[in-house]
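A quick write-up on the structure given underneath.
Protein chains: 2
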Amino acid sequence: MPRVRVESFTVSLDGYGAGPGQDIDNPLGAGGPELHQWAFPTRTFQRALFGADGGTTGLDDEFAARGFENVGAWILGRNMFGPIRGPWPDLNWRGWWGENPPYHVPVFVLTHHARPPIPMEGDTTFHFVTGGIEEALDRAREAANGMDVRIGGGPHTIRQYLRAGVIDELHIAVAPVLLGGGERLFEGVDARALGYKCVRFAASEKAAHVVLRHERWEDA
Amino acid sequence: MPRVRVESFTVSLDGYGAGPGQDIDNPLGAGGPELHQWAFPTRTFQRALFGADGGTTGLDDEFAARGFENVGAWILGRNMFGPIRGPWPDLNWRGWWGENPPYHVPVFVLTHHARPPIPMEGDTTFHFVTGGIEEALDRAREAANGMDVRIGGGPHTIRQYLRAGVIDELHIAVAPVLLGGGERLFEGVDARALGYKCVRFAASEKAAHVVLRHERWEDA
Chain S
1 MPRVRVESFT VSLDGYGAGP GQDIDNPLGA GGPELHQWAF PTRTFQRALF
51 GADGGTTGLD DEFAARGFEN VGAWILGRNM FGPIRGPWPD LNWRGWWGEN
101 PPYHVPVFVL THHARPPIPM EGDTTFHFVT GGIEEALDRA REAANGMDVR
151 IGGGPHTIRQ YLRAGVIDEL HIAVAPVLLG GGERLFEGVD ARALGYKCVR
201 FAASEKAAHV VLRHERWEDA
Chain C
1001 MPRVRVESFT VSLDGYGAGP GQDIDNPLGA GGPELHQWAF PTRTFQRALF
1051 GADGGTTGLD DEFAARGFEN VGAWILGRNM FGPIRGPWPD LNWRGWWGEN
1101 PPYHVPVFVL THHARPPIPM EGDTTFHFVT GGIEEALDRA REAANGMDVR
1151 IGGGPHTIRQ YLRAGVIDEL HIAVAPVLLG GGERLFEGVD ARALGYKCVR
1201 FAASEKAAHV VLRHERWEDA
């Protein structure tokens, strides 16, 4: 049965999943790039984001790689798609990733402002969903066609899906960094009461990796 | 120069440093014992808390052991001393730890309710400080007589001293556990802006250990 997954989501020691002050020059917010030092050098990220050969292997790469396995569709909060808030001033913004984004499957972007789909190179198409998280998940599941749906973030989007009880598994990386402020992943979310528990814990020199799984999969 | 240290302070994946619902049967709050699975089996804790031989060695024990090195006095919030709130009904409560507590130095307990000192076996004496965190630190520093002062907790006490800018170093263990609720260590505290950064990161199979140091010690 297909799953709904969060992968490679990194939080700081003080619990923040994104730094404060995101803008066009700081897609990850202030301090955000420090969060992802475990991921950027990996072979998986080098290939997916930069089309580069090489990169590190080992535990960090293992976790980076599982995030791309068996993913048939993505869901992104609007802030992950870009820095623009409110109505689209024009149709020029096409995401942070250039003409060939690292998704290669349909991507559903949550927004309050309708916009036609954007077909990109490499089989990524951005779809804009104004009907809320349920509609986005329904459409993503259908598009995934039996594969899993990956919820990319940000923290606010993940929290909405956690509260809705539909996320099956989360890989979270804890980075040895203090952000001091920003958006907390678990703000106002009681993940224990919602039925999640830690089923894997392993650390590299750059991050501690945990896998949280919903209890409905306990025997899986 | 003597330092003010926090040691072996454990937080959950969702950032809580103590579980909800502390009472006489649950000194660590609901779920609290799960937090400390990295510490209890270590040689250091077995010896210090239970007077037992044996216990595990390795990274967890190394971090447990550093918490007792060069400590000349402790400061505890009242909830770490016991479950009683408000005025002392009598003088019968003498801490969670029996007649020979694991401190073996003067311990300063923050409270709003005065009480005579309690000399215990093994050189621990509990002193009750009603003048606030500065008075407690002054007295602890004097009692430590050139050694370090360890702030035991709980989260509220540590946050007060963090905001006051007097903590030099914190060892924090992140346990692969969800508590879902309780008291957050970094609630309303911007540790980055206060001048802390991570200077060590290492993980066992049971916890990720980090050392945060204030920037005034950067060259130490």
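Heads up: the sequence lines are chains S and C, in that order. According to the working numbering, the first sequence is numbered sequentially starting from 1. According to the working numbering, the second sequence is numbered sequentially starting from 1001. Where is the CB? At the ideal position from N, CA and C, for every residue including glycine. Quantities reported herein were computed from a predicted structural model and do not represent experimental measurements.
List, in order along the chain, the chain S residues whose C-beta lies closer than 9 Å to that of residue i?
i, result
"Asp1023(C)", "Neighbours of Asp1023(C) on chain S: none; closest Cβ ~19 Å, over 9 Å."
Secondary structure at residue i, three-state DSSP: helix, strand or coil?
i, result
"Ile5(S)", "Reading off the sequence shown, one finds Arg at residue 5(S), where the question assumed Ile. Residue state, collapsed to three classes: strand."
"Phe81(S)", "helix"
"Pro1117(C)", "coil"
"Tyr1161(C)", "helix"
"Ile133(S)", "helix"
"Trp38(S)", "helix"
"Gly153(S)", "strand"
"Thr125(S)", "strand"
"Glu215(S)", "helix"
"Pro20(S)", "coil"
"Ala1052(C)", "coil"
"Arg200(S)", "strand"
"Ala144(S)", "helix"
"Arg1139(C)", "helix"
"Ala73(S)", "strand"
"Leu1059(C)", "helix"
"Ala173(S)", "strand"
Beta-carbon of residue i versus every beta-carbon of chain A: anything under 8 Å?
i, result
"Phe1186(C)", "Checking the listed chains, one finds no chain A in this structure; the protein chains it contains are S and C."
In chain S, what lies closer than 7 Å to residue i by C-beta?
i, result
"Pro1176(C)", "Cys198, Phe201 and Val210"
Please report the Cβ distance between residue i and residue j, rounded to the nearest whole angstrom; I am assuming they are in contact, meaning their Cβ atoms lie under 8 Å.
i, j, result
"His1056(C)", "Arg1047(C)", "First, the residue type needs correcting, since residue 1056(C) is Thr and not His in the sequence shown. In fact, because the Cβ distance is near 12 Å, the residues do not count as touching under 8 Å."
"Ala1039(C)", "Ala1018(C)", "Actually they do not touch by this definition, with Cβ atoms about 14 Å apart."
"Arg1159(C)", "Glu1142(C)", "About 24 Å separates the two Cβ atoms, so there is no contact after all."
"Val174(S)", "Gly72(S)", "Not confirmed; about 28 Å, so no contact."
"Val109(S)", "Leu76(S)", "5 Å"
Could you tell me which chain S residues have their CB closer than 8 Å to the CB of residue i, listed as they occur along the chain?
i, result
"Leu1179(C)", "Arg192"
"Gly1015(C)", "Asp14, Gly15, Arg184 and Phe186"
Who are the neighbours of residue i on chain C, taking C-beta pairs under 7 Å?
i, result
"Asp60(S)", "Going along chain C, no residue has its Cβ under 7 Å from Asp60(S), so there is no contact; the nearest lies around 13 Å."
"Gly32(S)", "Chain C residues near Gly32(S): none, gap ~13 Å exceeds 7 Å."
Assign residue i to buried or exposed, taking buried as 16 or more other Cβ atoms, counted over all protein chains shown, within 10 Å of its Cβ.
i, result
"Leu1091(C)", "exposed"
"Phe1126(C)", "buried"
"Met80(S)", "buried"
"Glu215(S)", "exposed"
"Ala207(S)", "buried"
"Arg85(S)", "exposed"
"His1209(C)", "buried"
"Trp96(S)", "exposed"
"Ile222(S)", "Since the first and last residues shown for chain S are 1 and 220, residue 222(S) lies out of range."
"Arg1200(C)", "exposed"
"His1113(C)", "exposed"
"Phe50(S)", "exposed"
"Thr157(S)", "buried"
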